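See structure below.
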Amino acid sequence: MVTGSDQERHLAGCSALLRASQGREVDPSAPRLRHAAFWVYLRQCLYNACVHQQSPNVDLDLVLIPPPCGDDPLSNLKSETAWANTMTWICATVVHFCFGPSYPEPFARMCRWQELSEAVESWMSTRPSTFDPIWYSEAVPGNGNPFPEIWFTADWHSMCARRLILCAV
Numbered sequence: 003m004v005t006g007s008d009q010e011r012h013l014a015g016c017s018a019l020l021r022a023s024q025g026r027e028v029d030p031s032a033p034r035l036r037h038a039a040f041w042v043y044l045r046q047c048l049y050n051a052c053v054h055q056q057s058p059n060v061d062l063d064l065v066l067i068p069p070p071c072g073d074d075p076l077s078n079l080k081s082e083t084a085w086a087n088t089m090t091w092i093c094a095t096v097v098h099f100c101f102g103p104s105y106p107e108p109f110a111r112m113c114r115w116q117e118l119s120e121a122v123e124s125w126m127s128t129r130p131s132t133f134d135p136i137w138y139s140e141a142v143p144g145n146g147n148p149f150p151e152i153w154f155t156a157d158w159h160s161m162c163a164r165r166l167i168l169c170a171v
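Our numbering applies: residue 3 is where the sequence shown begins, and numbers increase by one.
Below, the structure written as structure tokens:
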């Protein structure tokens, strides 16, 4: 066994299973095990894509189903999950843009970058207030803190914030 090598066999197997069982739409609210497995797979792909500076192995032509609306606690939880997973999807499109082979022509590349920037801005301006941080501190590069410190009340909110920071960098 070679320590530290990752041949991504687990991701290849997951990809085959997901592509065989998945339609053209994906639900960001993850109400079923299949959808939840997709979002876990996507996060693992993003990690490996960033570490290896490669495009994530995800079909970016999939269509996201809009988040559910309602006043009951289950709808609220599904909506929160959908907002977090939607930012994960946007992050995947940015990583694909950065490391993928598409858009070699400068004008097309700038147009796509503008589309991605607008997707991030749209998410930021329309997200629920529950995604607002409870505390924020600017970065202090001289003190060894190159990133802002942002506190949230839910785990998935902080994951989205980290992705937003990575997208902005």
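We treat Cβ as the ideally placed atom computed from N, Cα and C, and that holds for glycine. No experiment lies behind these values; they were computed from the predicted model shown.
Can you list, in chain order, the residues of its chain whose CB lies under 7 Å from that of Gly102, leaving out five sequence neighbours each side?
Ser57
Same chain, Cβ closer than 7 Å to Pro148, five either side skipped, listed in chain order:
Answer for Pro148: Ala141, listed in chain order.
Reduced DSSP secondary structure (H/G/I, E/B, other) of Tyr138:
strand
Residues in its own chain within less than 7 Å of His98 by CB, not counting five upstream and five downstream?
Ser57, Pro58, Leu62
To the nearest angstrom, report how far apart Arg45 and Thr90 are at their CA atoms.
7 Å
With DSSP run on the structure shown, which of helix, strand or coil describes Val28?
strand
Less than 7 Å between the beta carbons of Ala86 and Ser31, yes or no?
The answer is no: Cβ separation not under 7 Å.
Cβ atoms of Cys47 and Val240: under 7 Å apart, would you say?
For the chain, the structure presents residues 3 to 171; residue 240 sits outside this window and is missing.
Which same chain residues, not among the five before or five after Arg111, have their C-beta less than 7 Å away from its C-beta?
Tyr105
Alpha carbons only, please: which of Pro69, Trp115, Thr88, Glu107 is nearest the one belonging to Cys100?
Trp115
Nearest to His37 by alpha carbon, out of Ile67, Gly144, Pro135, Thr95?
Ile67
On the three-state DSSP scale, how would you describe Leu1?
Because the chain is modelled from 3 through 171, residue 1 falls outside the range shown and cannot be assessed.
In this structure, does DSSP put Ile152 in helix, strand or coil?
DSSP places Ile152 in strand when its eight states are reduced to three.
Among the residues of its own chain, which have a CB less than 8 Å from the CB of Pro2, if the five just before and after it don't count?
This structure does not reach residue 2, given that the chain is present from 3 up to 171, and the question cannot be answered.
For the alpha helix (DSSP H) that contains Gln56, what are its first and last residues?
Premise fails: Gln56 is in no alpha helix (DSSP H) and is neither H nor E.
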